[in-house]
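Shown next, in structure tokens, is the structure this report addresses.
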Ligand code: MSP
């Protein structure tokens, strides 16, 4: 039977912009999806937004927008952010999607018909932030533990789900199935909750108080409680009850959440499924919280970390790698730019980048950049390297499978360090000098095969970097056998004669880019000066000072830029963004390269063909709205709008600009 894997993130509330925490769960889910796909499984990755309820209604009202208009706007921010972080979801679900609404009503009717929903009067402490009632015992000195505000006492008639009926069954299920909730500390936390009497769950809100929700199928005076609605996204997205995807993927469902929403996922959700006669999901995987300088991220503390800012400062590869490498699954993680830079430089620039660069340079110098024939016999140190290669991959697979990405990457780095050591001790440079050609070929064949494994293992974590590595190794990406599990059992050499790159500079060292602090006195003086000069308000001046801040760089830094003359050979509108154009640029490399440029406001595709432009050629490839751009075309925002930087005359494609 076809093996499948289904991974979900929480659907995020649309009352806040996406931040580091959302990005982490979603990147983690993306990497798991890719990891399982690389084992030949058919995968489905679901994410989306949670759009009903009090909180959303209130936020929309505060902004003077209708709830649907507001939800459309913020949901779009999430949906458009994910591809920018190389996140490839299969469906982005919104709880306002018609198929989701129909599914919620069908499910409610089923639970109702089953006799598990009753009507009753209830008075209790309600926290609008959490959108739920609290028992007195759950409050901390009378306050909601999350929002540190006293909840309101509300008395109303509502519908209730007989959750208590399933308490004992659920306790036993979790007891008997240790893998259902992991890590263990969260499993124990849930079991402890289930030792206390479980109340029934209030699943409706009267329309007189809240209209923004899914109407109950059996009483038009009420809407569905937002959590009962939201949890169902995990099956509505697959077309429950009779969708093909539901049959295919539901038995392999894994939910990824942080510790904040463990109770709805570990208690409400399984009991809801049980009541409706739907089999349970396979596993709930719970991670900790990212903190910034030991504090929770929050708007009021001004420490919210924005993923796109980090991507533009340090690059996507560094960002994804840091999140998956640093967070010990199940524990809280501490985020800092210093930490990100430190990890990048130590693991990627020093160890992995250096390994690629030295192995490829040696293959270039000693073997004309062609992979040697697979060796026929091995020495003890070769066997040792191959053993290390097998062990690391097995442990990498086990750890990734268990969502312990930090551990998986530690194993990978262990291997990288092992290969570096192998090169040091086998000293190909001496073998070359001494004319030991056969031994030299064995060592480099093993080194290249090791690089191949590393490139594949990096794929779920840093898809772009892995792609660049594969290209440097001359791997035919279209026909690459991608079964990670098979890789464990056999050692795959590059086919003899494969042309590999002569140079590799995958991970140039990065420097911290903190906003530069001027000494306080200077800062005040210069602020005053600026205000005087421009005669404008303080806030405005601060803003422009920040955006115009310049950096001194060394000449050596400037030399890193590969600036060249390019000629536009073809141009067309971007399929998915009005601002962008897709260009084919001849930069003197034999074939054209695709560059995506934000030029549409000033140039039509026809204006551009045949023009000479300035190209930044060694910018890492990045996807702009789904289309990969290999470099950048330089332009200036002048007083009259956008204008291309064009060399005057007598130039050819590929001419270096210095
Ligand atoms: N809408 C509900 C989920 C419904 S799922 C059926 C919700 N939304 S949320 O916008 O508050 O998202 C919470 C989730 O965002 C966490 O469980 C976690 O996945 C992610 N994170 C938000 N802040 C986080 C950190 N500081 N650190 C790590 N993850 C965090 O709850």
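In this note's numbering, the protein residues as written are 39 to 696.
Glycine residues also receive a C-beta, built at the ideal position from the N, C-alpha and C atoms.
Keep in mind that this is a model prediction, so the values were computed, not measured.
Just verifying my parser: in three-state terms, what is the DSSP assignment at residue i?
| i | result |
| --- | --- |
| residue 682 | strand |
| residue 654 | strand |
| residue 301 | helix |
| residue 321 | strand |
| residue 589 | Reliability fails at residue 589, whose pLDDT of 48 lies under 50, so the model's placement of it is uncertain and no value is given. |
| residue 445 | helix |
| residue 156 | strand |
| residue 688 | coil |
| residue 182 | coil |
| residue 667 | strand |
| residue 580 | In this prediction, residue 580 scores a pLDDT of 32, lower than 50, which makes its location untrustworthy; no coordinate-derived value is stated. |
| residue 611 | strand |
| residue 471 | helix |
| residue 57 | coil |
| residue 192 | strand |
| residue 647 | coil |
| residue 635 | strand |
| residue 402 | helix |
| residue 622 | strand |
| residue 549 | coil |
| residue 537 | strand |
| residue 454 | helix |
Leaving aside the five residues before and after residue i along the sequence, list all residues of the same chain whose C-beta is less than 6 Å from its C-beta, in chain order.
| i | result |
| --- | --- |
| residue 640 | 679 and 680 |
| residue 335 | 341 and 342 |
| residue 504 | 493, 496 and 497 |
| residue 432 | 526 |
| residue 349 | 357 |
| residue 589 | Because the pLDDT at residue 589 is just 48, under 50, the model does not fix this residue reliably, and the value given afterwards should be weighed accordingly. So the list is empty, once near-sequence residues are dropped. |
| residue 41 | 79 |
| residue 72 | 498 |
Can you list, in chain order, the residues of its chain with a C-beta nearer than 7 Å to that of residue i? Leave out the 5 residues immediately preceding and following it.
| i | result |
| --- | --- |
| residue 309 | 201, 204 and 208 |
| residue 98 | 104, 105 and 108 |
| residue 756 | The structure shown does not extend to residue 756, since the chain spans only 39 to 696, so no value can be given for it. |
| residue 333 | 339 and 341 |
| residue 268 | 49, 88 and 133 |
| residue 115 | 55 and 56 |
| residue 454 | 389, 390, 393 and 492 |
| residue 478 | 404, 466, 469 and 470 |
Is the beta carbon of residue j closer than 8 Å to that of residue i?
| i | j | result |
| --- | --- | --- |
| residue 407 | residue 323 | no |
| residue 224 | residue 368 | yes |
| residue 631 | residue 664 | no |
| residue 609 | residue 659 | no |
| residue 672 | residue 441 | no |
| residue 311 | residue 146 | no |
| residue 647 | residue 606 | yes |
| residue 446 | residue 438 | yes |
| residue 129 | residue 177 | no |
Is any heavy atom of the ligand MSP found at a distance shorter than 7 Å from the C-beta of residue i?
| i | result |
| --- | --- |
| residue 328 | yes |
| residue 48 | yes |
| residue 430 | no |
| residue 60 | yes |
| residue 684 | no |
| residue 295 | yes |
| residue 127 | no |
| residue 269 | yes |
| residue 299 | yes |
| residue 63 | yes |
| residue 335 | yes |
| residue 88 | yes |
| residue 51 | yes |
Quick one: is the Cβ of residue i within less than 7 Å of any heavy atom of the ligand ATP?
| i | result |
| --- | --- |
| residue 250 | No copy of the ligand ATP appears in this structure; the ligands present are the ligand MSP. |
Which same chain residues, not among the five before or five after residue i, have their C-beta less than 8 Å away from its C-beta?
| i | result |
| --- | --- |
| residue 538 | 398, 401, 402, 407, 408, 409, 486, 510, 511, 512 and 532 |
Worksheet item: Is the segment 163-170 touching the segment 184-193 in the sense that three or more CB pairs, one from each, lie closer than 8 Å?
Response: yes
Worksheet item: Below 8 Å, can you find three or more Cβ-Cβ pairs linking the segment 120-130 to the segment 148-162?
Response: no
Worksheet item: So, do the segment 687-696 and the segment 618-634 have three or more beta carbon pairs nearer to each other than 8 Å?
Response: yes
Item to complete: Could you tell me whether the segment 124-143 touches the segment 292-306, where touching means 3 or more Cβ pairs closer than 8 Å?
Response: no
Worksheet item: Three or more beta-carbon pairs under 8 Å between the segment 188-200 and the segment 231-247, yes or no?
Response: yes
Worksheet item: For the segment 289-300 against the segment 254-264, are there 3 or more C-beta pairs whose distance is under 8 Å?
Response: no
Worksheet item: Would you call the segment 381-400 and the segment 530-550 in contact, with 3 or more CB pairs under 8 Å?
Response: yes
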